[in-house]
Amino acid sequence: MTSPLATPWRLQPRAGRAARPARLLPSPLPSPLPSPLSSPLLYRLSVLALLLAIAALAPAQGWAQALPGVISKPAPGGGQIWSLPVQTLVLLTSLSFLPAAMLMMTGFTRVIIVLGLLRSALGTATSPPNQVLVGLSLFLTFFVMAPVFDRVYNDAYKPLSENKLSLEAAAAKAAEPLKAFMLRQTREKDLAMFAQMAKAPEMQGPEEVPLSILVPAFVTSELKTAFQIGFTIFIPFLIIDLVVASVLMAMGMMMVPPATISLPFKLMLFVLVDGWQLLLGSLAQSFMN
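For what it's worth, this note's numbering labels the leading residue of the sequence shown as 16, then goes sequentially.
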């Protein structure tokens with residue numbers, strides 16, 4: 016006697032009923048895809064990668080004990096000198112602060128704000144584009160800061176490269192010309208405000224002002240100076256807008272936007288007075304006076 020499960024299915028009508036048309040059964044589902052780890056090679060590679068990660072995150076005890084000898088060595092005066100790998104690490108880490116130093120400790124802030132306000136006064140939303148304004152601001156900043164950078168190179172970098180100064184002494188030498196530049200452009204009122212908020216002790220001279228107080232005071236003064244220059248730039252273009260709007264109102268052309276009509280007159284005025292030379296020359300002179 017054979018098992019009913021072993022007998023193949025057949026489409027047979029039931030007894031006593033009319034035969035119905037045969038129905039098609041759904042096709043069997045495809046077999047699932049094999050797992051990526053089912054392959055022996057992939058499994059071994061994943062285990063090897065896991066072991067390498069654990070080995071990298073858990074260094075040997077001998078490495079940790081030998082690390083202080085690599086970091087520093089005794090100096091003749093009784094101090095310690097950082098090794099070359101550590102000095103390189105500190106230098107590369109400090110390079111990440113260069114963009115912030117370029118923005119906050121130079122004349123870049125004043126230049127980029129004035130150029131942005133000029134574009135707003137002209138009414139040209141995308142001309143000159145942002146890339147042109149940033150590039151022009153950078154090169155004008157390099158021109159203005161050239162004497163300061165020369166002093167930093169001659170007083171700090173060159174002696175450091177010749178092993179005449181340590182890294183700490185070179186950093187102090189490099190900060191001196193930057194502090195002198197920022198002090199010339201900083202208002203005493205802003206400097207006194209930040210010194211009061213920091214509860215700094217009484218200082219005998221400007222050379223005693225720390226950078227933690229000088230930098231925010233310098234940025235505040237730069238913002239105020241930039242907006243003052245921008246106000247003077249806006250006045251002639253604002254007069255042109257008012258005149259054009261009054262003429263259009265008198266002619267009954269209220270549906271015509273005044274900015275469309277006044278834009279050619281603004282550009283013509285700016286070109287006739289040689290506005291780029293006046294503006295960039297005035298910006299450069301504002302740092303040198």
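The beta-carbon is built from N, C-alpha and C at its ideal position, and this holds for glycine as well.
On a predicted model such as this, the values are computed, not experimentally measured, just so you know.
Go ahead and label Pro279 buried or exposed: buried means 16 or more other beta carbons lie within 10 angstroms of its beta carbon, across all protein chains shown.
Translated into positions along the sequence shown, residue 279 becomes position 264. It is exposed - the Cβ of Pro279 has fewer than 16 other Cβ atoms within 10 Å.
Cα-Cα separation between Pro143 and Ser176, rounded to whole angstroms:
Residue mapping note: residue 143 aligns to position 128 of the sequence shown, counting from 1. Residue mapping note: residue 176 aligns to position 161 of the sequence shown, counting from 1. Computed Cα separation, rounded: 41 Å.
Quick check on DSSP: helix, strand or coil for Lys188?
The residue you call residue 188 lines up with position 173 of the sequence shown. Reduced to three states, the DSSP call for Lys188 is helix.
Along the alpha helix (DSSP H) that carries Arg202, what are the first and last residues, could you check?
The residue given as residue 202 occupies position 187 in the sequence shown. Looking at the DSSP string, Arg202 is not in any alpha helix (DSSP H), and its letter there is neither H nor E.
Below 8 Å on the Cβ atoms is my contact criterion, and I expect Thr156 with Val126 to pass it. Report the Cβ-Cβ distance as a whole number of Å.
Position 141 of the sequence shown holds residue 156. Position 111 of the sequence shown holds residue 126. Indeed they touch by this definition, with Cβ atoms about 6 Å apart.
Among Lys179, Lys281, Ala185, Pro231, nearest to Lys204 - alpha-carbon criterion
Indexing the sequence shown from 1 puts residue 204 at position 189. Selected option, being the one with the closest Cα: Pro231.
Just verifying my parser: in three-state terms, what is the DSSP assignment at Leu277?
Mapped onto the sequence shown, residue 277 falls at position 262. According to the sequence shown, residue 277 is Ser rather than Leu. Helix, per DSSP.
Can you tell me where the alpha helix (DSSP H) holding Glu217 begins and where it ends?
By 1-based counting over the sequence shown, the position of residue 217 is 202. Taken as a continuous stretch (DSSP letters only), Glu217 belongs to no alpha helix (DSSP H), as it is neither H nor E.
With contact counted as at least three CB pairs below 8 Å, one residue from each stretch, are the segment 103–115 and the segment 238–250 in contact?
no
Let me know if Glu223 comes out buried or exposed under the rule of 16 or more other beta-carbons within 10 Å of its beta-carbon.
For the purposes of this step, residue 223 is taken as the residue at position 208 of the sequence shown. Glu223 should be labelled exposed.
Best match in Met264, Ala136, Lys188 for proximity to Asn169 [C-alpha to C-alpha]
Taking the sequence shown and counting its residues from 1, one reaches residue 169 at position 154. Of the listed residues, the one whose Cα sits closest to Asn169 is Lys188.
Decide if Lys173 is buried, meaning its Cβ has at least 16 other Cβ atoms within 10 Å, or exposed.
Numbered from 1 along the sequence shown, position 158 holds the residue referred to as residue 173. Around the Cβ of Lys173, a 10 Å sphere holds fewer than 16 other Cβ atoms; the residue is exposed.
Please report the straight-line C-alpha distance between Gln158 and Arg199, rounded to a whole angstrom.
Residue mapping note: residue 158 aligns to position 143 of the sequence shown, counting from 1. Residue mapping note: residue 199 aligns to position 184 of the sequence shown, counting from 1. The sequence shown places Phe at residue 158, not Gln. Whole-angstrom Cα-Cα distance: 17 Å.
From this set, Met269, Phe242, Phe233, which residue's C-alpha is nearest Ala195's C-alpha?
If you number the sequence shown from 1, residue 195 lands on position 180. Measuring from the Cα of Ala195, the nearest candidate turns out to be Phe233.
Taking only three categories from DSSP, how would you classify Ser181?
On the sequence shown, position 166 is the one that residue 181 refers to. Reduced to three states, the DSSP call for Ser181 is coil.
Mapping the DSSP letters down to three states, classify Thr121 as helix, strand or coil.
Position 106 of the sequence shown holds residue 121. For Thr121, the three-state secondary structure derived from DSSP is coil.
Take the Cβ of Thr121 as the centre, count every other Cβ of all protein chains shown within 10 Å, and call the residue buried at 16 or more, exposed below.
Locating residue 121 in the sequence shown gives position 106, counting from the first residue. So Thr121 counts as buried.
Taking only beta-carbon atoms, is Ser301 less than 8 Å away from chain D?
You won't find chain D in this structure, because it holds only one protein chain.
Alpha carbon to alpha carbon, how far is Phe164 from Pro272?
Position 149 of the sequence shown, counting from 1, holds the residue named residue 164. Position 257 of the sequence shown, counting from 1, holds the residue named residue 272. Cα to Cα, Phe164 sits roughly 48 Å from Pro272.
By alpha-carbon positions, which one of Leu180, Val262, Thr235 ends up nearest to Leu206?
Stepping through the sequence shown from its first residue, residue 206 is reached at position 191. Residue Thr235 is the option with its Cα nearest to Leu206.
Any idea if Asp256 is buried or exposed, counting beta-carbon neighbours within 10 angstroms, 16 or more meaning buried?
Here residue 256 refers to the residue found at position 241 when the sequence shown is read from its first residue. Answer is buried; the Cβ neighbour count reaches 16.
On a CA-only basis, which of Ala265, Ser135, Thr124, Gly267 is nearest Gly150? Give me that one, please.
On the sequence shown, position 135 is the one that residue 150 refers to. Nearest C-alpha to Gly150: Thr124.
Please tell me whether Leu295 and Leu133 are closer than 8 Å, where the distance is taken between their beta carbons.
Walking along the sequence shown from the start, residue 295 turns up at place 280. Walking along the sequence shown from the start, residue 133 turns up at place 118. Not in contact: Leu295 and Leu133 (Cβ atoms no closer than 8 Å).
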